[in-house]
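Here's the structure, in structure tokens; my notes come after.
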Amino acid sequence: MSRKKEIKIKPFWYSDIWLWPKLITIITTLDKNGVVNAGPYSHIMQYDVMTKNPRMLIGFRQDSHTFVNIEETGEFVVNCPSASHLDDMMETAKFYPEGINELEFTKFTQIPSKKVSPPSLEECPQIAECTVDEIIKLEKSTGIVIGKIEAIVVDKELVSMGREQRIKAMDLPIGMGDEARQTYYHTTAETLIKHDLGQPKTAMQGADAKTSMDWDNDATEMLMGVPPPLRKMVIENTEEFAVEKNENKVSGELFKELAKSVGMDPEVMERFRSGG
Ligand SMILES: Cc1cc2nc3c(=O)[nH]c(=O)nc-3n(C[C@H](O)[C@H](O)[C@H](O)COP(=O)(O)O)c2cc1C
356 MSRKKEIKIK
366 PFWYSDIWLW
376 PKLITIITTL
386 DKNGVVNAGP
396 YSHIMQYDVM
406 TKNPRMLIGF
416 RQDSHTFVNI
426 EETGEFVVNC
436 PSASHLDDMM
446 ETAKFYPEGI
456 NELEFTKFTQ
466 IPSKKVSPPS
476 LEECPQIAEC
486 TVDEIIKLEK
496 STGIVIGKIE
506 AIVVDKELVS
516 MGREQRIKAM
526 DLPIGMGDEA
536 RQTYYHTTAE
546 TLIKHDLGQP
556 KTAMQGADAK
566 TSMDWDNDAT
576 EMLMGVPPPL
586 RKMVIENTEE
596 FAVEKNENKV
606 SGELFKELAK
616 SVGMDPEVME
626 RFRSGG
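As structure tokens, this is what we get:
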């Protein structure tokens, strides 16, 4: 006898029985009259992981004020609150009428954003300022916004922290869905389970990476410091960068310049090399 049973897919299936731990964000926008709007949004994911065109993809009810504002103004800010602000986050979920700034009913402080007009939230340790890249309106369904990330802004003290320390300091809540859109469940990452990835003996070896340009010895040595599964992507990006710079060869200097421009400082490169 199978222990499994197929269940009916009903509206809000993603929330009713299917459990889907989610990121909690509060999106701030401006309406066409410049009035601030805020609402929680969790149907969000990274869409393009490269630094050239970093994007996020977000799913909205098409008549939500946030979606309407994004369509009208082309700008929005994704604020990630700490668990200590869950009550205020839930306040912004209430169906306030159009033209009301939900933040006035919360303890959140509006601060100017760096690259876009809607405000950011001071109390949120992690913020992405976005403009619209593309909007897809699925018929009688979700409005999907692909946002181009114009700036990622974090609390200063987080920058120098290691990941484990940062996870604890930020204390981001994890959304665990709702019951009938009335009771919302959240949890926090109190237990951190760590795994070292490692590689099987049969993992792709350095020699498998194929370049289409000449790479000098320095550049080749640095490439070999990149974990094998990432090498193809690194080769493509580096060669694209070389073409942009009108170079027909990849030098160690060029590799370092690209690494630096995408935030791979020598310390990060060293981490790659040591496999740490
Ligand atoms: C934790 C949480 C996550 C939510 N995520 C989404 C979402 O991703 N997409 C959506 O359309 N609505 C989502 N909602 C519902 C909206 O936040 C809610 O409809 C809100 O009133 C919209 O506000 P607005 O009209 O000011 O944009 C979520 C609600 C909560 C509490």
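Sequential numbering from 356 applies to the sequence shown in my numbering. Ideal Cβ placement from N, Cα and C applies to all residues, glycine included. In this text the structure is predicted, and so the values were computed from the model without any measurement.
Residue i: CB within 6 angstroms of a non-hydrogen atom of ligand 1
i: G530; result: yes
i: R448; result: In the sequence as presented, Arg is not what sits at residue 448; that position holds Ala. For ligand 1, at least one heavy atom lies less than 6 angstroms from the Cβ of A448.
i: R416; result: yes
i: T461; result: no
i: P366; result: no
i: G394; result: yes
i: S419; result: yes
i: H398; result: yes
i: Y539; result: yes
For residue i, three-class secondary structure by DSSP
i: Y451; result: coil
i: K615; result: helix
i: Q537; result: coil
i: N592; result: helix
i: E478; result: coil
i: V598; result: helix
i: I425; result: helix
i: G631; result: Interpretation of G631 is limited by its pLDDT of 45, a score under 50 that renders its predicted location unreliable; the figure taken from the coordinates is listed afterwards. Correct three-state label for G631: coil.
i: A647; result: No information on residue 647 is available, as it lies outside the stretch 356 to 631 that the chain covers here.
i: L609; result: helix
i: I548; result: coil
i: F460; result: helix
i: L378; result: strand
Beta-carbon separation (whole angstroms), residue i vs residue j, contact threshold 8 angstroms
i: K462; j: D443; result: 5 angstroms
i: E430; j: T486; result: 6 angstroms
i: I399; j: L385; result: So it is not a contact: roughly 20 angstroms between Cβ atoms.
i: S370; j: G517; result: 34 angstroms between Cβ atoms; not a contact.
Spatial neighbours of residue i in its chain, beta-carbon cut-off 7 angstroms, leaving aside the 5 residues before and after
i: I372; result: I362
Cut-off 6 angstroms between Cβ atoms - residues of its own chain near residue i, not counting five sequence neighbours on either side
i: Q417; result: G498
i: R521; result: L513
i: L412; result: M400, Y402, I501
i: W375; result: Y369
Chain B contact for residue i (CB, 7 angstroms cutoff)
i: E459; result: Judged by its chain identifiers, the structure shown contains no chain B, having just a single protein chain.
Neighbourhood of residue i by C-beta distance below 8 angstroms, restricted to the same chain and skipping five residues each side
i: E446; result: E457, F460, T461
Beta bridge counterpart(s) of residue i as assigned by DSSP
i: S419; result: Beta-bridge pairing links S419 to no other residue.
i: D569; result: K604
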